[in-house]
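Some notes on the structure that comes next.
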Amino acid sequence: MAQVNGQPILFSAVTQAASDKLSKLQSDYESEYARMTLTAARERAARIEVTVNELIDNRVLDLEAAEKNTSHEALMASVKPKAVTETDQRAFYEAEQADLGQSFEQLAPKIKEFMEGQALQEAQFDYLEALRKKYDANIAWDPMRETVEAVGPQLGPRSAPVTIVEFSDFQCPFCRRLAPTLRELARRYPSQVHLVFRNMPLTSIHHAAERAAKAGACAAAQGKFWEMHDLMFAEQSSLSPDALKEKAHRLKLDSKVFDQCLDSDATLKSVQIDEAAAERLGLTSTPSSFVNGRFIAGSLPLYRWQEVINDELKRKGQPTLGRLRTTP
């Protein structure tokens, strides 16, 4: 490959000298290729699922429009959402205040517009669901499923017909929004939903996330993971070491044991196991969830989660729960 003072530099010497970097390049390429392949498969499956649902909705609207001698547009225009009150708007503002950065009075028009849009989507969803029931619509196609280990802090029985595995980051605002939704589902489906939490701290953008994940593991060791989980999400802007130790004190954990656990590098092992699982699954953002292996990206509203859960229950011949109404 080269020559210096008449002495050759052979290809074998070059590859040996670069072996570590070449191995890393190959490993990185293979990991990225696997991630892209999996992402493409998920997006393809999602597009198929969206399309089959669109075709079902169009068909039931065809039948209803023919029966009532009207049009799709007229039927959908007749759907009236629940009114958005100032109380609803203020509750939304209080829940999201940490991320908004302006007063309620400044944001009230935008909040109202957003919530009215959400309320309309939910009302239209309910209307189409009623038409599906009226015209006996059902989906035979089975969605893409992936193998995901259900290990970590859990709610609900392991024998439940529906298992939700969530990969989350305690400093992620979308994870904070999803947390009460999943807890509500676990509460409303006490024998039918098994909820599993796994850590995926995005340390490149959330510098306190790994420390918070360790705090969750330390609280779990004393039997209070979910209490710490809720408190960290409720006080997401306060995740310093001292703040986490203060939270443990409020939860009446053994402070000495908790502090030692939080300061120990050994506590990272359980977090790193979750991170490795997330990497194998090609996950790049939080929250990322799996419902009986079905991939769900982001923080969906409550009624959309119930749609997926009820679909899974139907597929297993299990009774479903009536729609959970949400505040618009």
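For the record, in the sequence shown the residue sitting at position 281 is 270 according to the numbering used here, with numbers rising by one throughout.
For every residue, glycine included, the Cβ atom is placed at its ideal position computed from N, Cα and C.
Predicted model only: the values in this text are computed from it and were never measured.
For residue i, count neighbouring Cβ atoms within 10 angstroms of its own Cβ and tell me buried if that reaches 16, exposed if not.
{"i": "Asp263", "result": "buried"}
{"i": "Val68", "result": "exposed"}
{"i": "Met(-10)", "result": "exposed"}
{"i": "Pro179", "result": "exposed"}
{"i": "Gln78", "result": "buried"}
{"i": "Arg283", "result": "buried"}
{"i": "Asn281", "result": "buried"}
{"i": "Ala119", "result": "exposed"}
{"i": "Lys321", "result": "The question about residue 321 has no answer here: the residues shown for the chain are numbered -10 through 317."}
{"i": "Val246", "result": "exposed"}
{"i": "Ile100", "result": "buried"}
{"i": "Ser253", "result": "exposed"}
{"i": "Thr170", "result": "buried"}
{"i": "Val73", "result": "buried"}
{"i": "Leu242", "result": "buried"}
{"i": "Pro317", "result": "The pLDDT assigned to Pro317 is 32, lower than 50, so where the model puts this residue is not dependable; a value taken from the coordinates is nonetheless given after this. Result: buried."}
{"i": "Gln301", "result": "The question names Gln, yet the displayed sequence has Glu at residue 301. Buried."}
{"i": "Ala208", "result": "buried"}
{"i": "Ser1", "result": "exposed"}
{"i": "Leu52", "result": "exposed"}
{"i": "Ala80", "result": "exposed"}
{"i": "His218", "result": "buried"}
What does a CB cutoff of less than 6 Å around residue i pick up in its chain, not counting 5 residues either side in sequence?
{"i": "Ala87", "result": "Ser226"}
{"i": "Ala175", "result": "Leu144, Gly145, Val182 and Leu184"}
{"i": "Arg165", "result": "Phe222 and Gln225"}
{"i": "Ala149", "result": "Gln181, Val182 and His183"}
{"i": "Ala7", "result": "none"}
{"i": "Glu135", "result": "Gly282"}
{"i": "Ala84", "result": "none"}
Please say whether residue j and residue i have beta carbons closer to each other than 8 Å?
{"i": "Phe214", "j": "Pro142", "result": "yes"}
{"i": "Ile298", "j": "Val151", "result": "yes"}
{"i": "Tyr116", "j": "Leu96", "result": "no"}
{"i": "Ala255", "j": "Ser244", "result": "no"}
{"i": "Asp248", "j": "Lys258", "result": "no"}
{"i": "Gln113", "j": "Pro290", "result": "no"}
{"i": "Glu216", "j": "Leu240", "result": "yes"}
{"i": "Ala266", "j": "Met133", "result": "no"}
{"i": "Ala55", "j": "Leu64", "result": "no"}
{"i": "Tyr377", "j": "Glu111", "result": "Past the edges of the chain, shown from -10 to 317, lies residue 377, and the structure says nothing about it."}
{"i": "Phe163", "j": "Ala202", "result": "no"}
{"i": "Val331", "j": "Trp130", "result": "Nothing in the structure corresponds to residue 331, since the chain is present only between -10 and 317."}
{"i": "Glu32", "j": "Pro70", "result": "no"}
{"i": "Cys161", "j": "His195", "result": "yes"}
What residues in its chain sit with their C-beta under 7 Å from that of residue i, if we drop five residues either side in the sequence?
{"i": "Val154", "result": "Val137, Ala139, Val185, Arg187, Ser278 and Phe279"}
{"i": "Glu199", "result": "Pro190, Thr192 and Val260"}
{"i": "Trp294", "result": "Thr170 and Leu174"}
{"i": "Arg147", "result": "His183"}
{"i": "Leu27", "result": "Gly271"}
{"i": "Lys303", "result": "Thr309"}
In whole angstroms, give me the CA-to-CA distance for residue i and residue j.
{"i": "Leu220", "j": "Gly205", "result": "10 Å"}
{"i": "Glu268", "j": "Leu310", "result": "34 Å"}
{"i": "Glu43", "j": "Leu50", "result": "11 Å"}
{"i": "Asn(-6)", "j": "Val3", "result": "17 Å"}
{"i": "Gln91", "j": "Gly287", "result": "25 Å"}
{"i": "Lys10", "j": "Arg24", "result": "21 Å"}
{"i": "Leu228", "j": "Ser157", "result": "15 Å"}
{"i": "Lys305", "j": "Arg177", "result": "18 Å"}
{"i": "Glu94", "j": "Glu102", "result": "14 Å"}
{"i": "Tyr18", "j": "Gly271", "result": "13 Å"}
{"i": "Ser274", "j": "Leu(-1)", "result": "44 Å"}
{"i": "Thr350", "j": "Leu14", "result": "Residue 350 is absent from the structure shown; the chain starts at -10 and stops at 317."}
{"i": "Pro308", "j": "Gln211", "result": "36 Å"}
{"i": "Asn47", "j": "Ser16", "result": "46 Å"}
{"i": "Ala232", "j": "Arg172", "result": "24 Å"}
{"i": "Ala66", "j": "Lys123", "result": "19 Å"}
{"i": "Pro98", "j": "Ile285", "result": "31 Å"}
{"i": "Leu167", "j": "Glu62", "result": "33 Å"}
{"i": "Glu296", "j": "Ala35", "result": "15 Å"}
{"i": "Pro(-3)", "j": "Ser12", "result": "24 Å"}
Near residue i, which residues of its chain fall below 8 Å by C-beta distance, leaving aside the five closest residues on each side in sequence?
{"i": "Ile45", "result": "Arg121, Ala126 and Ile128"}
{"i": "Leu109", "result": "Val68 and Pro70"}
- Task: Please specify which runs of the alpha helix (DSSP H), each continuous and at least 4 residues long, are wholly inside the stretch 261 to 311, giving them in chain order.
- Result: 291 to 304
- Item | Unbroken stretches of the beta strand (DSSP E), 3 residues or longer, contained in the stretch 8 to 48 | none
- Could I get the ranges of all uninterrupted alpha helix (DSSP H) runs contained in the stretch 164 to 222, with 4 residues as the minimum, in chain order? 198 to 210
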